[in-house]
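So the structure is just underneath, and the comments pick up after that.
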Amino acid sequence: MNFSHLLTKTLWVIPLVLQAAIAAVMLRRKLVRIFPVFFGYTAVVFSRDIALLLLPYPRNLYSLVYWCGEALAVLLSLGVIFETLRHVFPPYPFLRVLLKSAWILGAIAGVTALLMLVLTNGSQGADRVLEFIILAERSARFLQACLLIVVIALMSRLGLTWHYYSVGIVAGFGIYSAVALVVLEFRAHLHFLSDATLVLFNSAAYNVAVGIWAFYFLRSWRKARVERLPETNLAEWNEAVTDYVDQWYRR
Amino acid sequence: MVSTLIILGVALSALVLAWSLLRSGHPEICGGQDWEEKKHEIDVRIFRALLDRDEERYLRSTLLRNQFEAFQRRRIRLALRMLRLVDENAAMLMRLGQLAKMKGDPALTQKADELAAIAIRVRLNLLWARLCLCLKWIFPSWAVSLPTLEVRYQHLLDSLAWFQQRDWQT
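Now the structure itself:
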């Protein structure tokens, strides 16, 4: 067994163990009701990888399980972003405009991803089907990265970072989708990378993502309680800031 | 080539944002005591004075142009620093509100919701205020205002009323 093979196997097995632990913790802490799509994603990827460990390689069944599982995982990972958005955003009327903007940006990213898939001439390799699948995955990852940028920017800007699990989920997906996007671009469009390097980088990025999820889900968060809230002058500040912004408009 | 640049830009932005989210994700406030220790005492009257238009007009009329611009930039820098502290206060109060909600007391939960709502509103308004201040810092002598939609809408309503009145008279 050479080093590369050992590394690939290790990068495959570590997330399996961590994802089993994450799923168990989610069940025990009753987080499945709050994050059903993320739980579904974890369960699908875990089941697929266990099945792939047992199936003989390379066979048609192996490819079928891998690509069907991959397509389902990509769809679920897109669903996780919307789940986080719904879970994190407080239902204030003045935030509706922001949410609508997020939807519009998501739609623009979706159209761009579709155009990238249609317009890119990537079928230079021997296997045209594989080239198309990789380009399709690149488009999906592009959409995912764009949506994550919007969600993370809104979460950071509005200070919604107390939702520990949501922070872990989106940060993990953010890092994974960013690295996967770059790797897929170098492999599918620019043809700089070999398939083996693509697999290695993808696995490494996925390990980082699972590590982040494990950190956020397996750790027990200290729950300090507050008995009363302090008097603040935030309303006064809001008025002062709004007055200043209003000064810019001609009355 | 363009699509590659777009993809690399998107990937880099996602990476940087995800990293910054991880770094900022840890709670700064664990209770009322923490708030008392970490809150920034900032006077809203000073902020108002720094950005007062009459004051600005007075300075413009009494100082030389380059002196006025340098002085105005210093005032804007100070105002921006104050806004950063307000932003931090708002973030800490949101966290405090979230902790208060864990107690399960309905009255406290309602107060916490109100606090979170005003904190989010402040943080959103701070975005615009910062943008305006940055523009002002770049062009300190700029006295141009932006046309407001409300005024246009009022003009539209006035015109409609005028047409209706004319119609009724004829």
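Chains as they are written, first to last, in this note's numbering: chain A, 1 to 251; chain B, 252 to 421. Glycine included, every Cβ here is placed at the ideal spot set by N, Cα and C.
- The residue from B/R328, B/R332, B/E307, B/N340 with its alpha-carbon nearest to that of A/T232 is B/N340.
- Interface residue (Cβ-Cβ distance to chain B less than 9 Å): A/S156 is classified as such.
- In the DSSP annotation of this structure, the continuous segment of the alpha helix (DSSP H) that includes B/G260 starts and ends at 253-275.
- Counting C-beta pairs closer than 8 Å gives fewer than three between the region 178-197 of chain A and the region 302-318 of chain B, which falls short of the contact rule.
- Remark: C-beta atoms of B/L344 and B/C281 do not approach each other more closely than 9 Å.
- Here the alpha carbons of A/L158 and B/K362 stand approximately 19 Å from one another.
- In the three-state reduction of the DSSP assignment, B/M353 falls in the coil class.
- Within a 10 Å sphere around the beta-carbon of B/A358 sit fewer than 16 other beta-carbons, which makes this residue exposed.
- Under the 9 Å criterion on CB atoms, A/M116 is classed as interfacial with respect to chain B.
- Identification of chain A residues near B/K289 by a Cβ-Cβ cut-off of 9 Å yields none; the smallest Cβ-Cβ distance measures about 12 Å.
- The residues L143, in chain order, have a CB closer than 7 Å to that of A/G110 in the same chain once the five nearest residues on each side in sequence are set aside.
- At the C-beta level, A/A180 and A/E131 stay beyond 9 Å of one another.
- Less than 9 Å divides the Cβ of A/V88 from the Cβ of A/V151.
- Interface residue (Cβ-Cβ distance to chain B less than 9 Å): A/R219 is not classified as such.
- At a Cβ-Cβ threshold of 9 Å, A/W12 and A/D49 count as neighbours.
- Taking each of A/L234, A/R59, A/S139 in turn and checking the Cα distance to B/I257, the smallest one comes out for A/S139.
- Bounds of the alpha helix (DSSP H) holding A/T197 are 195-218.
- Closer than 9 Å to the CB of B/R299 there is at least one CB belonging to chain A.
- In this structure, the alpha-carbon of A/Y66 lies about 28 Å from that of B/L263.
- Between A/Y165 and A/A205, the C-beta spacing is not below 9 Å.
- Chain-ordered, the chain B residues with CB closer than 7 Å to the CB of A/A153 read L268.
- The three-state reading of DSSP puts B/T313 in helix, counting H, G and I together.
- Taking C-alpha positions only, A/L6 is separated from B/D338 by approximately 49 Å.
- Annotation for B/E320: P391, S392 place their beta carbon closer than 8 Å to its own, counting only its chain and skipping 5 residues before and after.
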